[in-house]
Amino acid sequence: MYDHKQIEEKWQKYWEDNKTFKAINGSDKKPYYILVEFPYPSGAGLHVGHVRSYTAQDALARMKRMQGYNVLYPMGWDAFGAPAEQYAIKNHIHPKDAVKENIKTFKGQMKTLGFSFDWDREFSTTDPEYYKWTQWQFLQFYKHDMAYKATVPVNWCPNCKTVLSNEDSAGGVCERCGSTVIQKEKSQWMLRMSNYAEDLLKGLDDTHFAEKVKLGQINWIGKSTGVEMDVEISGGGKFSIFTTCIETVYGITFFVIAPDGKLIKELLPRVTNKDEVLAYIEETSKKSAMDRTELNKGKSGCEVKGIKAINPVNGKEVPIFLGDFVLGDYGTGAVMAVPTHDERDFEYAKEHNLEMIQVIDGADVKEHAFEKHDYLGKGCKLINSEEFSGLTVEEAKEAITDKLVSKGIARRVNNYKMRDWIFSRQRFWGEPIPMINCPKCGWVCMDEKDLPLLLPDVAEYEPTDNGESPLAKITDWVNCKCPKCGSDAKRETDTMPNWAGSSWYFLRFMDAHNKDEFASMDAMKYWGKVNWYNGGMEHTARHLLYARFWVQFLYNIGLVPNKEMIDVRVSHGMVLGSDNQKMSKSKGNVINPDDIVNEYGADTLRVYEMFMGDYQQDAPWSVESLKGCKRFIDRIIRLGEKLNNATGFTNEVLKNKTIKKIGEDLTTLKYNTAVAALMIMLNEYEKYENGVTSDEYRLLLQLLNPIAPHITEELNEKYNLGIALCESSWPEYDEAKIVEDTQKIAVQVNGKVRGTIEITLDEDETSIKEKALNDENVLRHTSGKEIIKVIVIKNKIVNIVVK
RNA sequence: GCAGGUAUGGCGAAAUUGGUAGACGCGCUAGACUUAGGAUCUAGUGGAGCAAUCCGUGCGGGUUCAAGUCCCUCUACCUGCACCA
38 MYDHKQIEEK WQKYWEDNKT FKAINGSDKK PYYILVEFPY PSGAGLHVGH VRSYTAQDAL
98 ARMKRMQGYN VLYPMGWDAF GAPAEQYAIK NHIHPKDAVK ENIKTFKGQM KTLGFSFDWD
158 REFSTTDPEY YKWTQWQFLQ FYKHDMAYKA TVPVNWCPNC KTVLSNEDSA GGVCERCGST
218 VIQKEKSQWM LRMSNYAEDL LKGLDDTHFA EKVKLGQINW IGKSTGVEMD VEISGGGKFS
278 IFTTCIETVY GITFFVIAPD GKLIKELLPR VTNKDEVLAY IEETSKKSAM DRTELNKGKS
338 GCEVKGIKAI NPVNGKEVPI FLGDFVLGDY GTGAVMAVPT HDERDFEYAK EHNLEMIQVI
398 DGADVKEHAF EKHDYLGKGC KLINSEEFSG LTVEEAKEAI TDKLVSKGIA RRVNNYKMRD
458 WIFSRQRFWG EPIPMINCPK CGWVCMDEKD LPLLLPDVAE YEPTDNGESP LAKITDWVNC
518 KCPKCGSDAK RETDTMPNWA GSSWYFLRFM DAHNKDEFAS MDAMKYWGKV NWYNGGMEHT
578 ARHLLYARFW VQFLYNIGLV PNKEMIDVRV SHGMVLGSDN QKMSKSKGNV INPDDIVNEY
638 GADTLRVYEM FMGDYQQDAP WSVESLKGCK RFIDRIIRLG EKLNNATGFT NEVLKNKTIK
698 KIGEDLTTLK YNTAVAALMI MLNEYEKYEN GVTSDEYRLL LQLLNPIAPH ITEELNEKYN
758 LGIALCESSW PEYDEAKIVE DTQKIAVQVN GKVRGTIEIT LDEDETSIKE KALNDENVLR
818 HTSGKEIIKV IVIKNKIVNI VVK
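For the first sequence, position 90 matches number 127 in the working numbering, and the numbering has no gaps at all.
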């Protein structure tokens with residue numbers, strides 16, 4: 038129908054030549070910062086899912102510019118990380134070159150889609166000018182005692198030969214290669230993120246994240262308030278447990294400690310069944326997290342013989358067990374077990390034939406435990422609990438805690454699930470950690486003026502067999518002098534995780550070319566917070582939390598103006614294959630945006646992805662629906678042929694209503710109804726026998742422009758309707774003219790629609806009532822019946838209740 | 001197991017937030033124009049019924065003049081997770 042390729046290229050060139058989308062730091066215009074997650078430039082190229090979110094935010098950006106804002110809508114590349122390295126190894130090219138190639142592809146694709154990014158601010162996390170500042174910021178963490186080295190049991194992928202964060206080894210398999218993850222002791226750089234747990238929780242109040250995003254953060258931080266209690270061991274020594282259910286303390290019949298924790302190592306010399314215990318520890322270390330987290334496998338374990346634990350409330354000696362459901366690195370690595378009031382303890386007790394004592398009355402505990410979600414808040418009372426028997430659960434919680442605290446053997450504590458961030462990777466393709474290990478001085482920071490510490494330009498980047506980073510093999514690079522004492526020293530060979538660079542990139546966009554600072558305070562103050570941050574739901578827990586942590590730290594040392602730098606976070610639904618399944622090569626349901634752009638044009642693809650459904654919901658691909666959007670554009674083009682020489686607007690209500698609708702929908706993520714409103718406008722215009730006026734046509738083009746920017750500019754120019762749309766201002770609407778003077782409203786009898794009447798806007802009640810009661814069809818249902826009452830809802834509905 | 005989300009025609013979905021359920025689009029049916037059309041245009045399209053009317057938003061209850069929307073119970077599916085003690 039039209040040469041979309043030629044038209045789209047023409048306008049893309051126009052925008053580039055005119056720097057239409059350049060954001061100006063310190064401009065007098067009001068700043069507006071729209072951010073979409075920058076992609077990891079994979080070899081697969083841009084996904085239609087990327088197109089969905091980039092188009093959505095692009096439409097918002099374009100409208101905001103027309104509304105007079107100085108809009109920052111930047112794009113860059115999150116290009117460090119294991120996949121790039123894996124890809125490079127597989128294809129025998131340097132990751133640097135692979136990334137360069139992929140970025141080129143991505144950028145080309147984005148350009149053909151007409152996104153209004155300010156390309157002047159483009160950077161990649163792999164640029165030395167960028168990662169210089171990532172390294173610099175790491176040094177600030179270190180200098181403020183927020184980074185430390187620790188030997189921790191870590192998730193080890195034997196195939197990738199690298200450590201994975203808990204987040205990266207979901208389900209006990211390596212996220213990248215699928216191998217089973219095993220536990221391994223490893224010295225790692227850590228960031229003290231757990232220090233920020235409370236602040237990260239509180240900070241949410243200063244944001245306008247979508248509610249489900251906030252919940253995701255809250256659950257990840259996982260605050261729980263409870264009691265940490267000391268437990269004496271018969272024959273000396275003690276350990277601590279954490280519980281949120283201290284009210285069940287008299288029901289303790291055993292304790293369970295983590296097989297991977299420190300406690301069992303300390304106790305080992307006193308254990309009489311060492312072989313059994315060691316075997317179980319060994320067995321656990323082989324188990325993946327998946328095995329340990331499977332509910333039905335949570336009953337394994339063995340008694341630690343030779344010692345007993347003493348219940349501090351009644352002096353009763355009970356056995357100690359090892360159980361892999363207790364994790365060494367959460368809480369204290371030990372739990373009290375009350376089989377009558379915890380289902381997992383119940384099953385464990387059954388399996389190992391352990392005693393059960395019911396301490397809360399109100400349910401039978403022969404078959405199942407009577408758990409807290411069943412007894413809390415229901416006035417249940419304690420039994421078998423000495424002086425606390427007879428108190429309600431809530432009273433007992435306080436009373437028992439008070440007693441234990443006053444005896445000095447317990448503390449009220451908050452526990453957080455969130456742990457410190459394991460920040461090391463034994464990888465080549467990451468930011469080198471700028472630390473030097475000196476035999477005399479220990480760990481020493483590199484001098485800040487020597488940054489960036491560049492990745493060496495070598496051919497060898499495959500992982501070593503012993504688990505060291507590939508960097509360890511490059512002796513020229515590793516060997517250096519201690520910045521403090523000048524002795525021979527060695528560089529850290531671990532690199533940073535891919536989350537590092539993405540934790541502060543939105544700050545860099547505010548001042549992308551700054552050579553003296555990661556971003557100037559002035560620039561950050563000018564732009565303020567990110568107004569809109571769009572990303573996938575899969576990043577709302579980890580990436581968002583890391584980024585907030587990073588910002589809060591920078592704020593605390595006075596380097597950013599706000600404790601939270603992201604105001605609104607929204608997330609988009611996935612674009613599924615036409616089979617309603619997640620797109621994947623193996624399923625053969627992948628849609629390549631290039632193919633769609635070639636065949637239908639970028640505008641059609643953009644309109645379709647906005648129209649496909651609720652933006653925040655997943656939506657399947659539909660070629661038929663896509664064609665419908667092409668038809669919509671074709672009809673808009675044809676409408677131009679029906680342009681008359683009149684001006685003004687035939688239908689003021691349609692005009693004002695639609696302007697309002699588009700403005701609202703583009704700022705509330707309701708892109709699908711925005712497109713629908715434009716279709717309605719087109720439908721109306723097509724009915725005009727004498728064609729549309731230039732004002733009407735231009736309005737339609739302008740309102741559609743944020744979503745379909747190329748064809749609308751082209752038609753605007755073709756029919757000489759005025760200056761380029763991208764340079765003009767967004768139309769205003771008159772609130773007084775968005776509703777018709779007369780309206781049809783429904784009349785119900787006993788809640789069922791029996792007729793419609795026509796009323797004038799804000800017509801008075803008595804008059805409406807009269808019309809309603811005299812409606813022909815309504816009379817048929819009311820005659821001979823007693824009218825109990827008539828409910829009139831102004832401009833909406835009338836309901837007549839009869840008997 | 002925990003957390004979050006979702007459920008409306010043949011399909012993708014709307015619904016002014018308690019007020020005519022199904023806007024808009026796809027598909028389908030009939031017609032027009034055509035040598036032809038998988039192009040375009042016109043009309044129709046939730047189900048049943050000649051009609052009046054009845055039924056209809058995952059299931060079952062409830063509140064209300066009025067429920068897709070609010071409350072309670074249940075079910076299925078999707079996503080995330082670290083058995084969170």
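Cβ atoms here follow ideal geometry from the backbone N, Cα and C, with glycine treated the same way.
Check	Outcome
Under 8 Å between C-beta atoms of I834 and I794	no
M574 versus T369: straight-line alpha-carbon distance, rounded	32 Å
C-beta contact flag for G788 and N814 at 8 Å	no
Three-state secondary structure (DSSP) of P657	strand
Extent of the continuous beta strand (DSSP E) run through D155	That residue, D155, is in no beta strand (DSSP E); it is neither H nor E in DSSP.
D155, buried or exposed, once every other Cβ within 10 Å from all chains shown has been counted against 16	buried
Residues that DSSP places opposite I744 in a beta bridge	Beta-bridge pairing links I744 to no other residue.
Exposed unless 16 or more other CB atoms sit within 10 angstroms - verdict on G523	exposed
Same chain, Cβ closer than 6 Å to S90, five either side skipped, listed in chain order	V73, N571, H609
Residue interval of the beta strand (DSSP E) (run including H841)	Outside the displayed range of the chain (38 to 840) lies residue 841, so it cannot be described from this structure.
Status (buried if at least 16 other CB within 10 Å, exposed otherwise) for L491	exposed
Limits of the alpha helix (DSSP H) - the one that R585 falls within	579-593
Coarse secondary structure for H576, derived from DSSP in three states	helix
Inter-residue spacing [alpha-carbon to alpha-carbon] between K698 and L740	10 Å
Status (buried if at least 16 other CB within 10 Å, exposed otherwise) for M558	exposed
Where K180 falls, given that 16 or more other Cβ within 10 Å makes a residue buried	exposed
Contacting residues, own chain, Cβ-Cβ under 6 Å from T142 (five flanking each side not counted)	G82
Short Cβ contact (8 Å threshold) for E733 with T687	yes
S337 versus T501: straight-line alpha-carbon distance, rounded	36 Å
Bounding residues of the alpha helix (DSSP H) (the contiguous stretch that carries D525)	Here D525 belongs to no alpha helix (DSSP H); instead the beta strand (DSSP E) covers 525-528.
Three-state secondary structure assigned by DSSP to E769	coil
Among E505, E269, M472, V567, the one whose alpha carbon lies nearest that of K527	M472
Same chain, Cβ closer than 8 Å to E186, neighbours up to 5 away in sequence not counted	Contrary to the premise, residue 186 reads as Lys rather than Glu in this sequence. Answer for K186: S224, Q225, W226, M227, W480, listed in chain order.
Three CB pairs or more closer than 8 Å across the stretch 249-266 and the stretch 615-630	no
Secondary structure of F178, DSSP reduced to three states	helix
Whole beta strand (DSSP E) elements within the stretch 88-147, 3-residue minimum	106-109
At least 3 beta-carbon pairs within less than 8 Å: the stretch 377-384 vs the stretch 339-355	no
Inter-residue spacing [alpha-carbon to alpha-carbon] between W658 and L150	18 Å
Cβ-Cβ distance between T171 and A537 below 8 Å	yes
The stretch 439-455 in contact with the stretch 158-167 per 3-pair CB rule at 8 Å	no
Status (buried if at least 16 other CB within 10 Å, exposed otherwise) for Q174	buried
The stretch 438-448 touching the stretch 104-123, judged by at least three CB pairs closer than 8 Å	no
Enclosing alpha helix (DSSP H) for V286 [first to last residue]	Here V286 belongs to no alpha helix (DSSP H), and DSSP marks it neither H nor E.
Buried or exposed by the 16-neighbour rule on C-beta atoms within 10 Å, applied to V660	exposed
For Y725, the three-state DSSP class (helix, strand or coil)	coil
Opening and closing residue of the alpha helix (DSSP H) in which I397 lies	Neither: I397 is in no alpha helix (DSSP H) and is coded neither H nor E.
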